[in-house]
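In the numbering used here, the protein residues as written are 31 to 428.
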């Protein structure tokens, strides 16, 4: 049987898929780019106290390792990944609208929890859809994904500008507006699910979880990406304590995103094996966190921030390429669900622990993050020979 990548596809159809996916990635990540920094600001503006804010903000991480894998597995079983993406963004827009109409902490918590159940699977489902397209059309993941990173940065900057122009109580409607844009972008998504695959394997997920190579990929990725928790949570606070201005901090973050975009754009030129890419990403994170822990001068800190392209971007590219190779196409959404759950569980645990560690040793927290990244690099490097071979065959359907 001819492989998906060998099926003749019109150039126009291939282009439509790439453009529609890039637009959807942009809209989805713009939601995240406005939500991540400014949702807590909105919560505070409507009078929610710090304890409730902490609890409410924990909900996305909790759903990533509880309900998310079930949602992605259900969508895959129904051969409805694209439909699930569309339903997810519609529910997200409705959910954030309902959240914006609430001011009571308990009601807000419950509605936001339901919103997160439908919202957090959006990115794993989109990555699964993208990876199927990568296999079907012979595309590269990085150039598709870079539009998400660019939109995340643009969304954050735009919302940051609006903070000075609108009342903080109205910030929720900026998030809602981007969610509506994501709904509109979802209407352009091209059908992709392969009707010739009628998978009825009830134990497909268990078989995937028995694959040691798959575990090595998601565990390594979770460790390397989890090592960024200190940066995401405490970098701005820490840099302010060292006398760095808010504008300079924004510039440092932007440097990291630009480096990430460059890596995604250049990734089709990389000839390294994906496991080597992940190992490079992990080792880059080790160097990055060790230098950051030693309070480098601003010029060196700016150079270190460019390392985000390797520690984050290279790790993502390597992970996704390995998942394309390792996971059968009809199980890719399930694989993305397990990957997101592993990331969510380790990320939430690390986030909770990092607060206590930072209170004890301050910048020394980055040494702990360096150890995590080193462990991730070691895991994937140890499994590199196992990952040289692909456990599934397109001809056999997985």
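The beta carbon of each residue, even a glycine, is placed where N, CA and C say it ideally should be. In this text, all values refer to a predicted model and were calculated from it rather than measured experimentally.
Same chain, Cβ closer than 8 Å to residue i, five either side skipped, listed in chain order
| i | result |
| --- | --- |
| residue 390 | none |
| residue 120 | 213 and 216 |
| residue 300 | 307 and 347 |
| residue 414 | 303, 305, 306 and 309 |
| residue 65 | 205 |
| residue 128 | 141 and 145 |
Straight-line gap, residue i to residue j (C-alpha atoms, nearest Å)
| i | j | result |
| --- | --- | --- |
| residue 270 | residue 264 | 10 Å |
| residue 273 | residue 404 | 30 Å |
| residue 257 | residue 417 | 23 Å |
| residue 296 | residue 339 | 11 Å |
| residue 241 | residue 275 | 48 Å |
| residue 246 | residue 238 | 12 Å |
| residue 99 | residue 364 | 7 Å |
| residue 56 | residue 288 | 15 Å |
| residue 298 | residue 307 | 13 Å |
| residue 108 | residue 320 | 46 Å |
| residue 124 | residue 147 | 13 Å |
| residue 255 | residue 61 | 21 Å |
| residue 316 | residue 133 | 43 Å |
| residue 86 | residue 73 | 9 Å |
| residue 303 | residue 366 | 20 Å |
| residue 184 | residue 54 | 15 Å |
| residue 191 | residue 357 | 42 Å |
| residue 368 | residue 91 | 14 Å |
| residue 44 | residue 116 | 20 Å |
| residue 11 | residue 41 | Nothing can be reported for residue 11, as the shown portion of the chain is limited to 31 through 428. |
| residue 106 | residue 161 | 13 Å |
| residue 186 | residue 268 | 20 Å |
| residue 411 | residue 89 | 33 Å |
| residue 380 | residue 67 | 19 Å |
| residue 386 | residue 163 | 43 Å |
| residue 104 | residue 118 | 13 Å |
| residue 195 | residue 244 | 48 Å |
| residue 229 | residue 167 | Bear in mind that a pLDDT of 47 at residue 229, under 50, signals an unreliable position, so the model cannot answer this. |
| residue 97 | residue 145 | 12 Å |
| residue 388 | residue 211 | 38 Å |
| residue 101 | residue 137 | 24 Å |
| residue 286 | residue 327 | 17 Å |
When the options are compared against residue i, the one with the closest alpha-carbon
| i | options | result |
| --- | --- | --- |
| residue 378 | 68, 71, 93 and 308 | 93 |
| residue 130 | 121, 120, 111 and 142 | 142 |
| residue 83 | 91, 69 and 96 | 69 |
| residue 281 | 254, 71, 249 and 336 | 336 |
| residue 266 | 279, 254 and 255 | 279 |
| residue 383 | 260, 347, 413 and 357 | 260 |
| residue 396 | 262, 206, 171 and 252 | 262 |
| residue 349 | 394, 362 and 248 | 248 |
| residue 343 | 243, 323, 310 and 326 | 310 |
| residue 182 | 63, 88, 126 and 195 | 63 |
| residue 126 | 411, 388 and 208 | 208 |
| residue 170 | 352, 286, 327 and 394 | 352 |
| residue 493 | 52, 361 and 387 | Outside the displayed range of the chain (31 to 428) lies residue 493, so it cannot be described from this structure. |
| residue 114 | 80, 97, 151 and 210 | 151 |
| residue 202 | 52, 118, 388 and 71 | 71 |
| residue 318 | 398, 388, 243 and 244 | 398 |
| residue 284 | 188, 172, 168 and 97 | 188 |
| residue 52 | 137, 172 and 128 | 172 |
Beta-carbon contacts of residue i that lie in its chain and below 7 Å, excluding the five residues immediately before and after
| i | result |
| --- | --- |
| residue 220 | 46, 47 and 50 |
| residue 112 | 159, 219, 221, 222 and 223 |
| residue 226 | Confidence is the limiting factor: at residue 226 the pLDDT is only 47, short of 50, which leaves the residue's position unreliable, though a coordinate-based value still follows. Cβ neighbours of residue 226 beyond the five flanking positions: none. |
| residue 135 | 78 and 82 |
| residue 409 | 246, 249, 250 and 253 |
| residue 393 | 268, 323 and 325 |
Other residues of its chain near residue i: CB distance less than 6 Å, five sequence neighbours each side excluded
| i | result |
| --- | --- |
| residue 75 | 198 and 199 |
| residue 95 | 371, 374 and 375 |
| residue 149 | 122 |
| residue 423 | Legend: pLDDT at residue 423 = 42, less than 50; position of this residue unreliable, no value from coordinates given. |
| residue 314 | 337, 340 and 341 |
| residue 312 | 254, 403, 406 and 407 |
| residue 139 | 86 |
| residue 59 | 178, 181 and 182 |
| residue 231 | Here residue 231 scores only 47 on pLDDT, less than 50, and its place in the model should not be relied on; the value that follows carries that caveat. No residues qualify anywhere along the chain. |
| residue 345 | 254, 308 and 311 |
Residue i at chain D interface by Cβ criterion, 8 Å
| i | result |
| --- | --- |
| residue 391 | Considering every chain present, this structure includes no chain D. It has just one protein chain. |
Cβ-heavy atom distance, residue i to the ligand GDP, below 7 Å
| i | result |
| --- | --- |
| residue 77 | Although the ligand GDP was asked about, the structure shown includes no ligands whatsoever. |
message = Counting beta carbon pairs with one atom in the region 329-344 and one in the region 151-164, are three or more of them shorter than 8 Å?
response = Cβ pair count under 8 Å is below three, so no.
query = Okay, do the region 167-180 and the region 288-303 touch, 3+ Cβ pairs below 8 Å being the bar?
reply = Cβ pair count under 8 Å is three or more, so yes.
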